[in-house]
Amino acid sequence: MDRIRIVGGKELNGTIPISGAKNAALPLMIASLLTADRLTLDNVPNLADVNMLVRILGNHGVDYTINGKRAGENGTTGRTIHLTAGEIVDTLAPYELVSKMRASFWVIAPLLARMGEAKVSLPGGCAIGTRPVDLLLMVLERLGASVDIDAGYVVTKAGSGGLKGAEIEFPKVTVGGTHTALMAASLAHGKSVVHNAAREPEIVDLADCLNKMGARIRGAGTSTIEIDGVAHLSGTRHAVLPDRIEAGTYACAVAMTGGDVMLEGVRPELFQSALDAIEKAGAVVTTTNEGVRIKRNGAGISPVDVTTAPFPGFPTDLQAQFMALMTRAKGQSKITETIFENRFMHVQELARLGSHIRLDGDCAIVEGVERLKGAPVMATDLRASVSLVIAALAAEGETMVNRVYHLDRGFENLERKLGACGAQIERVSAPG
Ligand code: UD1
């Protein structure tokens, strides 16, 4: 298994090109199941999750080709993927695949909407706590489908007339539930209205792409989304939006090490709440035509309290990275996680680098320390792993991050991007 070796203490200076967003690319790829025509996606990041999803879609009958640049020396990629679901050959998504990648559960909506039936394995456990799918299934039922659980599988069928538009009210904001509603209701008969919809930029990106495919969706990006169902969708070409979580991660890294880095290609409104927190911590944030520039020199890091919340709040996917930054703040900060229970796996590992963090229910109380010291640590989930990288960049001496396959799921060319800005970081490949 590969590991990443970091020797801390270097400032970051330069430019980091921001990749296409994983959390947008995955639902966009799944939307290819909604049409027999070709869907072309540009700016798709070269990530383990994307490559796995391509194979999963292949099992359902999607033909695919991947063109464009491969991961380049300077970090950027932006691949183009062509996906054509001319004929759906299988409406079954087996446990072996869905358990490897949660997001693949979302195939249930387009398969049901287009084929009238689907059988998809329940995703099962996950390192960041229970992640139920009851609200996704509620969407399908509201649209008139039957939903049964049989031996670990969700079996769903539309009535003879197909899915029917409906009022869908979410009791809590769910990104997965909103993606499900957009995809299923686009091919339903009649009008659907989604109340308390997620407002994440990735929802807007999916709605934009579906509209280009012929869907009639209004209000994406607000809490109320209206969808007029259409009889069929066609192919289109769409570029995946920039990854706000990747950008926020590198912003935390620069605030941590000091230096001056341009996050190229990202827009501030995609991660404003994170930029606000990073600014309060002492970094200077400026926006240019190129992207967002993060700079910190001289002064130390100020403590800042954050609470995760659905967009436009502080993203749960940046909680671990911001906590890493706070480990070296001059004072105490409080980080509250409201989206997922048990999303504090990184705390134990950050402690190995010398941080002082106390957990109290859904809060982490971070006492900033003067110095962190390198140590062997273990990646636990995607965002937790990268928080260890951030801490290691500022720690004295060497840190070896084990189990980096978690990082490869969501960060494209991490070590090249950081290395190009002066970090001492390298991948150590396991022999054999
Ligand atoms: C969530 C995050 C998203 C992040 C992703 C990966 C939010 C609102 N969502 O999206 O930003 O990128 O994780 O880390 O920040 N829930 C149910 N029943 C369901 C579905 C969800 O109770 O059927 C609950 C979840 O347990 C959670 C909340 O709703 O507490 C939000 O979950 P949801 O947005 O659906 O999760 P993801 O789509 O994975």
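Sequential numbering of the sequence shown, starting at 139, is according to the numbering used here.
Where a beta carbon is used, it is the ideal one built from N, C-alpha and C, also for glycine.
Since the model is a prediction, treat every value here as computed from it, not as a measurement.
From R141, S324 and D286, pick the residue whose C-alpha is nearest to that of T173; which is it? Taking the sequence shown and counting its residues from 1, one reaches residue 173 at position 35. Cα-wise, what sits closest to T173 is S324.
Give the single residue among A467, I528, A326 and G199 whose Cα lies nearest to the Cα of A369. The residue labelled residue 369 in the question sits at position 231 within the sequence shown. Out of A467, I528, A326 and G199, A326 has the C-alpha closest to the C-alpha of A369.
For I219, name the three-state secondary structure that DSSP assigns. One-based indexing of the sequence shown puts residue 219 at position 81. In the structure shown, I219 sits in a strand (DSSP, three-state: E or B).
Label K257 either buried or exposed according to how many other C-beta atoms from any shown protein chain fall within 10 Å of its C-beta, with 16 as the threshold for buried. Taking the sequence shown and counting its residues from 1, one reaches residue 257 at position 119. The residue in question, K257, is buried, as its Cβ has 16 or more Cβ neighbours within 10 Å.
Taking the beta carbon of E307 as the centre, do at least 16 other beta carbons fall within 10 Å, making it buried, or is it exposed? Sequence index remark: in the sequence shown, residue 307 carries index 169 (1-based). Exposed is the call here.
Based on the DSSP output, what are the partners of E402 in its beta bridges? One-based indexing of the sequence shown puts residue 402 at position 264. The partner list for E402 (beta bridge, DSSP) reads P155 and G429.
Is K160 closer than 7 Å to D180 when the C-beta atoms are compared? As a first step, residue 180 is located in the sequence shown; it is residue number 42 there, counting from the start. As a first step, residue 160 is located in the sequence shown; it is residue number 22 there, counting from the start. Not in contact: D180 and K160 (Cβ atoms no closer than 7 Å).
Does the distance from the C-beta atom of S242 to that of Y291 stay below 7 Å? Counted from its first residue, the sequence shown places residue 242 at position 104. Counted from its first residue, the sequence shown places residue 291 at position 153. Their beta carbons are not under 7 Å apart, which means S242 does not touch Y291 by this criterion.
For the alpha helix (DSSP H) holding H198, just list the boundary residues, first then last. As a position in the sequence shown, residue 198 is number 60, starting the count at 1. Element bounds for H198: A186 to H198.
Taking its Cβ as the centre, do 16 or more other Cβ atoms sit within 10 Å of M139, making it buried, or is it exposed? Here residue 139 refers to the residue found at position 1 of the sequence shown. Classification for M139: exposed.
Can you tell me which of the three DSSP states V145 falls into? What you label residue 145 is simply residue 7 of the sequence shown in a count that begins at 1. V145 falls in the strand class under three-state DSSP.
Exposed or buried, which one is G158 when buried takes at least 16 other CB atoms within 10 Å? As a first step, residue 158 must be located in the sequence shown, where it is residue number 20. Classification of G158: buried, given that the 10 Å Cβ count is 16 or more.
Return the Cβ separation of D455 and I383 in integer angstroms, given the expectation that the two are a contact with Cβ distance under 8 Å. Here residue 455 refers to the residue found at position 317 of the sequence shown. Here residue 383 refers to the residue found at position 245 of the sequence shown. Confirmed, Cβ separation roughly 5 Å.
Measuring alpha carbon to alpha carbon, tell me which of C347, K511, G403 and E479 ends up nearest M167. Start at 1 with the first residue of the sequence shown, and residue 167 comes out as number 29. The residue with the shortest Cα to Cα distance from M167 is C347.
Going by beta-carbon coordinates alone, are G397 and N189 separated by less than 7 Å? Taking the first residue of the sequence shown as 1, we reach residue 397 at position 259. Taking the first residue of the sequence shown as 1, we reach residue 189 at position 51. No; because the gap between Cβ atoms is not below 7 Å, this pair is not in contact.
I need the DSSP call for M516, collapsed to helix, strand or coil. Residue mapping note: residue 516 aligns to position 378 of the sequence shown, counting from 1. Three-state DSSP puts M516 in a strand.
Looking only at its own chain, which residues have a Cβ that is under 8 Å from the Cβ of E508, when we skip the five neighbours before and after it? What you label residue 508 is simply residue 370 of the sequence shown in a count that begins at 1. If we look at E508 and ignore the five residues flanking it on each side, its Cβ neighbours are R466.
For the ligand UD1, is there a heavy atom less than 6 Å away from the beta-carbon of N197? Here residue 197 is taken as the residue at index 59 of the sequence shown, counted from 1. Not under cutoff, so the answer is no.
Let me confirm a value: E564 is counted as buried when at least 16 other C-beta atoms fall within 10 Å, else exposed. Which label applies? Position 426 of the sequence shown, counting from 1, holds the residue named residue 564. E564 should be labelled exposed.
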